[in-house]
Amino acid sequence: MNEKRKISLFSGPLIMQALKASVFKLNPAVMMKNPVMFVVELGTVIVLLMTLLPGTFHAEDRIGFNLTVFIILLFTVLFANFAEALAEGRGKAQADTLKQTKKEITANKVVGGSVKTIPSTDLRKGDIVVVSQGEMIPGDGEVMEGLASVDESAITGESAPVIKEAGGDFNSVTGGTRVISDQIKVRITSDPGETFIDRMIALVEGAKRQKTPNEIALNTLLISLTLIFLIVVVTLGPIASYVHVNLEIPVLIALLVCLIPTTIGGLLSAIGIAGMDRVTQFNVLAMSGKAVEAAGDINTMILDKTGTITYGNRMASEIIPVGGVHINEAAAWAAVSSVQDETPEGRSVLEWMRKNEKTFDSTLGDAGSFVEFKAETRMSGVDLKDGRQVRKGAVDAIRQWVIAQGGVIPEELDAQANRVATEGGTPLAVAVDQQVFGVIYLKDTVKPGMRERFDQLRAMGIKTIMCTGDNPLTAATIAREAGVDDFIAESKPEDKIAVIRREQAEGKLVAMTGDGTNDAPALAQADVGLAMNSGTTAAKEAANMVDLDSDPSKIIEVVAIGKQLLMTRGALTTFSIANDIAKYFAIIPAMFMIAIPEMEALNIMKLGSPLSAILSALIFNAVIIPLLIPLAMKGIAYRPMSASRLLTRNLLVYGLGGVIAPFIGIKMIDLLVHIWI
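Here it is in structure tokens:
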């Protein structure tokens, strides 16, 4: 991960910036976006007026108390603003590192048959530019011609360069990255101000952050609770007068502030911003907070086998002769078919020959005419100068080809191919004209720890489905070894969309990863689509998340971060509401026990005096917000467990803890306040 983006939570500059922002956020137009804290600010203003104009409110003998209440309320609002400003400031600090990549660079635009140098800001979608070694890529685009090594560390933080070439799924380039070798011709795919870096900066800064559905629902609940307690507090005035208790306005405001959910109200926005920030820190760009939140509610995960569950480097591990031929003869023809084959599989055959000290006549393959692999034929090979045809490919494709040539299929071919598939490998048959010589055993290895990770997902209640183009036997073996719940063999792009729609029709949320243009429809269909930064522009535009490190398995961590966000919000909401129980026992008895001695029975905290009880509860209410800021920013540690266990743990730790902590805190503060007053 990019070290420059690891912004310390409590760095000096960040805190100073957040402190300034917390003051500016006192603007009522800003505070109205957070109704709970806006009510606290209104109460603060009212108490301030009573302090400054005591004669108008007949509060000459309460100036000291009113001033104390005002200061505590002011700090309550400032602490809430500080939490939000700290989360926003951290995102802006990250954005500053991205802005460094947006320097004024020039572009070599192709105009007619010549190249014209212009400012990159003059480029438009569809323009063609040439980028040579050492030059910056002036805008987002796709490689049209050539192959080059590109340094993307300004975006991904990874120092290792990546290869970009025309065609395929790895032709997408990002503006602000640098070509470190060779030359490429790029077609620009975005206008100025709409580039990938521009979107990253806007999203990281929070300029486009919208509240998620869960956040809106919780905000509605908090507003409802605030209105309920506001009605309760307003009616307490007449009730107090009836029992001959004089409840002054500052006392009622203090009661209201303590009873409404100020803790979660002050931290709610910061939790949402910090959730997106944690995803960004993990080098994943979330296009919205909704995507992060949806990740926490995922029920089904669709994963490609190659590169996600397995390493994706299918290498020749064995060559099996069939039809009574010698191993050396079968290996030699496998090598001849691979001399001009530049795929990893083809090169691995030659590497197997070298490691096993097998020899063959390489000039046969060099002099022949190479036949490229095609999806229709599912085989490749070479046509030799003497007229012989050498083919290597899928077993059933080679079988049909040999039969068409008038050949006979060895009896053990299917048995050997099935053995390879059963062991999780991919069998390729090798044939020359009418004769099958052997089977190449291509082996792909499941990444270490995948079974344990899928066990964790299962504990979260998430179903995993592996998609692979392999035959059913190979797919079943890999699925069993990796520990996934289900698999789709010989899958096509439409199969992924079908399974996503099927799961969604059952009311489930689905996540998937992809990098190719053919993955774009499925990424758009999924509730959480994670596209690889190395993939095509179509895939990145269809997804609602982009992994800058291009690690398909990172979807597992994204889900954990989403669950952590939901857990943090739920836990702090539970803690905040549970706090009110202790505050009730602190303030209500203090207000009424002089006129109603029987209320003393409710004074189980044995606070020093009515005045100290009110101030102690108010101080605790203000102090608890900054104490919870680190938890809101870092999130609650997540461990995979069932929903029932998670709920039980949440109620015990944050529900019961939310009741006990204020009893202890308010009592300790009261001991100090009682001495002071």
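The sequence shown runs 687 to 1363 under the numbering used here. For every residue, glycine included, the Cβ atom is placed at its ideal position computed from N, Cα and C.
Roughly how many whole angstroms lie between the Cα atoms of Gly-1344 and Ile-1290? When only Cα atoms are considered, Gly-1344 and Ile-1290 end up about 17 angstroms apart.
Could you tell me the boundaries of the alpha helix (DSSP H) in which Glu-1098 lies? Under the DSSP assignment, Glu-1098 falls in the alpha helix (DSSP H) whose first and last residues are 1098-1108.
Rounded straight-line distance, which links the Cα of Ile-1005 to that of Thr-962: One point to set straight first is that residue 962 is Met, not Thr, in the sequence displayed. Cα-Cα distance, rounded: 50 angstroms.
Pro-824 in three-state terms, based on DSSP: In the structure shown, the three-state DSSP call for Pro-824 is coil.
Per-residue burial, Glu-689 [other beta carbons within 10 Å of its own, 16 or more giving buried]: Caution applies to Glu-689, whose pLDDT of 40 falls short of 50 and renders its modelled position unreliable; the value that the coordinates give is listed next. Glu-689 counts as exposed, since fewer than 16 other C-beta atoms from the protein chains shown sit within 10 angstroms of its C-beta.
Pairs of beta-carbons, one from the region 1312-1319 and one from the region 1221-1241, closer than 8 angstroms: are there three or more? Result no; under three Cβ-Cβ pairs closer than 8 angstroms.
Can you tell me whether Ala-893 is helix, strand or coil according to DSSP? Since pLDDT at Ala-893 reaches only 44, below the 50 mark, its modelled position is unreliable, and the value read off the structure follows with that caveat. In the structure shown, Ala-893 sits in coil (DSSP, three-state: anything other than H, G, I, E or B).
Taking 7 angstroms as the cut-off, is the C-beta of Gly-958 nearer than that to any heavy atom in the ligand PLP? Annotation note on the ligand PLP: not contained in the displayed structure, which lists no ligands.
Say whether the region 1037-1051 touches the region 1086-1096, bearing in mind that this needs 3 or more beta-carbon pairs closer than 8 angstroms, one atom from each stretch. With fewer than three CB-CB distances shorter than 8 angstroms, the region 1037-1051 does not count as touching the region 1086-1096.
Suppose you measure from the CA of Asn-900 to the CA of Asn-767; what does that come to, to the nearest Å? The straight-line gap separating the alpha-carbon atoms of Asn-900 and Asn-767 is approximately 21 angstroms.
Which listed residue (Pro-1348, Gly-1248, Leu-989 and Ala-926) has its alpha carbon closest to that of Ile-1151: In terms of CA proximity to Ile-1151, Leu-989 leads the group Pro-1348, Gly-1248, Leu-989 and Ala-926.
Which stretch, first to last residue, makes up the alpha helix (DSSP H) that contains Leu-1338? Element bounds for Leu-1338: n/a, residue is neither H nor E.
Ranges of the alpha helix (DSSP H) found wholly within the region 1278-1335, counting only runs of at least 4: DSSP runs (the alpha helix (DSSP H)) wholly in the region 1278-1335: 1296-1320.
Between which two residues does the beta strand (DSSP E) carrying Gln-1120 extend? Unbroken run through Gln-1120: none, as it is neither H nor E.
Can you tell me whether Met-1354 is buried or exposed? The criterion is at least 16 other CB atoms within 10 Å of its CB, across all chains shown. Looking at its Cβ environment, which holds fewer than 16 other Cβ atoms inside 10 Å, Met-1354 is exposed.
Run through the region 1143-1204 for me and flag every whole alpha helix (DSSP H) of 4 or more residues, listed as ranges in chain order. List check, alpha helix (DSSP H) in window: 1158-1168 and 1179-1191.
Do you know how far the Cα of Phe-751 is from the Cα of Leu-1358? Those two C-alpha atoms are separated by around 16 angstroms.
Starting from the C-beta of Val-1076, find all residues in its chain whose C-beta is less than 7 angstroms away, skip the five residues before and the five after it, and write them out in chain order. Only residues of its own chain outside the window of five on either side were considered, and among them Trp-1019, Val-1022, Ser-1023, Gly-1067, Val-1068, Leu-1070 and Val-1118 have a CB closer than 7 angstroms to the CB of Val-1076, listed in chain order.
Range covered by the alpha helix (DSSP H) that runs through Asn-905: 899-928 is the extent of the alpha helix (DSSP H) around Asn-905.
Have a look at Val-709 and Glu-770 and give me their C-alpha separation to the nearest angstrom. If I take the Cα positions, the gap works out to 12 angstroms.
Does the separation of the CB atoms of Gln-1211 and Arg-1188 fall below 8 angstroms? Not closer than 8 angstroms, so no.
Report back the beta-carbon spacing between Val-1245 and Ile-984 to the nearest angstrom; my notes put them in contact at under 8 angstroms. In this structure Val-1245 touches Ile-984 by the C-beta definition: roughly 5 angstroms separates them, less than 8 angstroms.
Around the Cβ of Gly-951, are there at least 16 other Cβ atoms within 10 angstroms (buried) or fewer (exposed)? Classification for Gly-951: buried.
Which residues in the same chain as Leu-1288 place their Cβ atom closer than 7 angstroms to its Cβ, once the five residues preceding and following it in sequence are excluded? For Leu-1288, where only same-chain residues beyond five positions count, the Cβ hits under 7 angstroms are Phe-1271, Ile-1274 and Pro-1275.
Ala-1257: which of Ser-1034, Ala-1299 and Ile-1322 sits nearest, CA to CA? Selected option, being the one with the closest Cα: Ile-1322.
Cutoff 7 angstroms; reference Ala-893; Cβ partners in own chain excluding five residues on either side: Caution is warranted here: a pLDDT of 44 is assigned to Ala-893, below 50, making its placement in the model unreliable, and no coordinate value can be reported.
Run through the DSSP bridge pairs and tell me what Pro-805 is partnered with. Pro-805 is bridged to Thr-792.
Are the region 713-723 and the region 941-959 in contact at 8 angstroms, needing three or more beta carbon pairs? In this structure the region 713-723 touches the region 941-959; the number of beta carbon pairs closer than 8 angstroms is three or more.
With a Cβ-Cβ cutoff of 8 angstroms, do Lys-1182 and Ala-1208 count as a contact? Remark: C-beta atoms of Lys-1182 and Ala-1208 approach each other more closely than 8 angstroms.
If I follow the unbroken beta strand (DSSP E) through Gly-1079, where does it start and stop? From DSSP, the beta strand (DSSP E) with Gly-1079 extends over 1075-1080.
Does the pairing of the region 800-814 with the region 728-737 give three or more beta-carbon distances under 8 angstroms? Using a C-beta cut-off of 8 angstroms, the region 800-814 makes no contact with the region 728-737, since fewer than three inter-stretch Cβ pairs fall below that distance.
Using a Cβ-Cβ cutoff of less than 7 angstroms, which residues in the same chain neighbour Glu-1243 once the five nearest sequence positions on both sides are dropped? Here Glu-1243 has Phe-968 as same chain residues with Cβ atoms under 7 angstroms from its own Cβ, once five neighbours each way along the sequence are excluded.
What are the start and end residues of the alpha helix (DSSP H) that includes Val-865? No alpha helix (DSSP H) contains Val-865, which is instead part of the beta strand (DSSP E) from 864-874.
Output the boundary residues of the alpha helix (DSSP H) element that contains Leu-989. Note, Leu-989: premise wrong, no alpha helix (DSSP H); beta strand (DSSP E) at 986-990.
In the DSSP assignment, find the unbroken beta strand (DSSP E) run with Lys-850 in it and report its ends. Counting along the chain, the beta strand (DSSP E) containing Lys-850 begins and ends at 848-851.
Helix, strand or coil: how does DSSP classify Ile-1352 here? Helix.
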